[in-house]
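Below is one structure; the comments refer to it alone.
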Amino acid sequence: MVKLTKTLSLGLCALMFLFSCSKEMEEVSPSATLNDTATDAAKNATLTEPNPFTFSAISTNDNGKTWYFTVTNNGDSNSGPNKVLLGLLDCELKPIMLSTANVVALSLQPLDGNPKALDLSFDKGLCKDAITSSSVSFTGLGNGLRGGETLTFILTLNSAVQVTSAKVGLQIANNCLSATLNGPGCQEEETYCGLGQGYFHDPKKWPVQEVTIGGETYSVDDAVTLMTSDKKYGGKENGKGGIEVSKKAFSQGVTLLLNYKLGNIPETVLAEELADIEAFLATLDKLLVDNLTASDKNDPLAVAANDAAGRIGDWMDVNNCEEEN
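Under our numbering, think of the first position of the sequence shown as 35, with each following residue one higher.
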């Protein structure tokens, strides 16, 4: 397997909480999971009086798409913050952009309860000077975080990110308490290279005698004939509009499967793209050079397969290792 390795900066090895209403700082140890108890959370950060709040570190349970941290109010007040802000810092300690383009959901989870969805908000309020330049705002907390209560704050993104630390701001009445939370940091990241579609136009370079895609099995010769055909829409040569979606999806899907078989890349890479292609091809009869009829432009499966094939092709172009083989 051809594998390239790149080392990113390691995460922070310590966590310090910084509070706007106190000059004191106290060292904090990392925390844990969504099931932490209030006692566990309190071990992760200890605020000096009169600030009653303790925080956990920020963690992820799905390799970077969902992020969460807990806050406990150790005081006896009947009121808590009306807004909690969160900003994430990347491997270079720069703010990670958070907007409607990548934030899927915000939610709250009581210590012994189910998550509650919140409206997306990016309003910094009084904490604009204590938070990163890009942040989300947990609002609509109701009576949450009164004295003795613990809440878990959950941020869900549409793609994974690596986080070294996070900035949190609690807006309480006319004040803002701020804190820096430790994150899991940036670990060694592996990158892979693959062989593009053109490499497999030569049947002698195939690692298998047949390939199954979209529920149909194709011999090497049949697959290569289909991939190298110049037939366009409706089986006509030089048709307008480019290569028919079924051929494009088939060719890129097969290319990905053969790279998996060779061990060039793990099957987790571009897995969603392959699933979109499989779903579309499964709705068609077995492909032949003469049955590449135009797909319905309004068919969501065809659109998804076409986009997926494009992403596979782009990935292979950028991460091509053909010269090394």
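Note that CB positions come from ideal geometry on N, CA and C, so glycine has one too.
| Asked | Found |
| --- | --- |
| With a CB to CB cut of under 8 angstroms and the five nearest residues on each side skipped, what residues in its chain are close to N295? | The sequence given here has Lys at residue 295, not Asn. Counting only Cβ-Cβ distances below 8 angstroms, and skipping sequence neighbours, we find P241 and V242. |
| In or out: L322 buried (at least 16 other Cβ within 10 Å) or exposed? | exposed |
| Can you look up W240 in the DSSP assignment and give me helix, strand or coil? | coil |
| If we count the other Cβ atoms within 10 Å of its Cβ and call it buried at 16 or more, is L127 buried or exposed? | exposed |
| Reducing DSSP to helix, strand and coil, say where L160 ends up. | helix |
| Report the partner residues of L119 according to the DSSP bridge assignment. | S171 and G203 |
| Taking the beta carbon of N272 as the centre, do at least 16 other beta carbons fall within 10 Å, making it buried, or is it exposed? | Annotation note: pLDDT 43 at N272 (below 50); position unreliable, coordinate value reported separately. Exposed, because fewer than 16 other Cβ atoms sit within 10 Å of the Cβ of N272. |
| Leaving out five residues on either side along the sequence, give the residues of the same chain with a beta carbon under 6 angstroms from the beta carbon of R345. | E307 |
| Given that a residue counts as buried once 16 or more other Cβ atoms are within 10 Å of its Cβ, and exposed if not, what is G181? | exposed |
| So, for G109: in the same chain, excluding its five sequence neighbours on each side, which residues have a beta-carbon less than 6 angstroms away from its beta-carbon? | P86 and G181 |
| Is the distance from the Cβ of P115 to the Cβ of Q205 below 7 angstroms? | yes |
| So A29 and C210 are in contact, right, with Cβ under 8 angstroms, and what is the actual spacing, rounded? | Because residue 29 is not part of the residues shown, which for the chain are 35 to 359, the question remains open. |
| DSSP three-state label for A91, please. | coil |
| Just the Cα atoms here: how many angstroms apart are C161 and V279? | 50 angstroms |
| Compare the C-alpha of D124 against each of T134, V337 and S199 and name the closest. | S199 |
| Who are the near neighbours of Y252 in its chain, counting only those whose CB is closer than 7 angstroms to its CB and skipping five residues on each side? | E244 and V245 |
| For G361, count the other beta carbons within 10 Å of its own beta carbon; 16 or more makes it buried, fewer makes it exposed. Which is it? | Only positions 35 to 359 of the chain appear in the structure, and residue 361 is not among them; the question remains open. |
| Within the continuous alpha helix (DSSP H) that includes K282, where are the two ends? | V279 to L296 |
| Using 8 angstroms as the Cβ pair cut-off and three pairs as the minimum, do the segment 308 to 322 and the segment 182 to 195 touch? | no |
| Ignore the nearest five residues each way along the sequence and tell me which others in K281's own chain have a CB closer than 8 angstroms to its CB. | L260, M261, S263, K265, L321 and L326 |
| So the candidates are L152, L318, F89 and S167; which of them puts its Cα closest to the Cα of L335? | L318 |
| Have a look at the DSSP bridge pairing and note the partners of F427. | Look at the range of the chain in this structure, 35 to 359, and you will see that residue 427 is not part of it. |
| Any idea if K117 is buried or exposed, counting beta-carbon neighbours within 10 angstroms, 16 or more meaning buried? | buried |
| Going by Cα to Cα distance, which pick from L229, T104 and D341 is closest to V288? | L229 |
| Can you give the beta carbon distance from L119 to L132, rounded, assuming they're within the 8 angstroms contact cut? | Wrong, their Cβ atoms sit about 10 angstroms apart, outside the cutoff. |
| For the ligand SAH, any of its heavy atoms closer than 6 angstroms to the Cβ of D319? | In the structure on display, the ligand SAH does not appear, and there are no ligands present to speak of. |
| Looking at C-alpha atoms only, which residue of N354, G347, V137 and A91 is the closest neighbour of G217? | A91 |
| Let me make sure I understand the geometry here. Which of L152, L290, G203 and F284 has the alpha-carbon closest to that of S169? | G203 |
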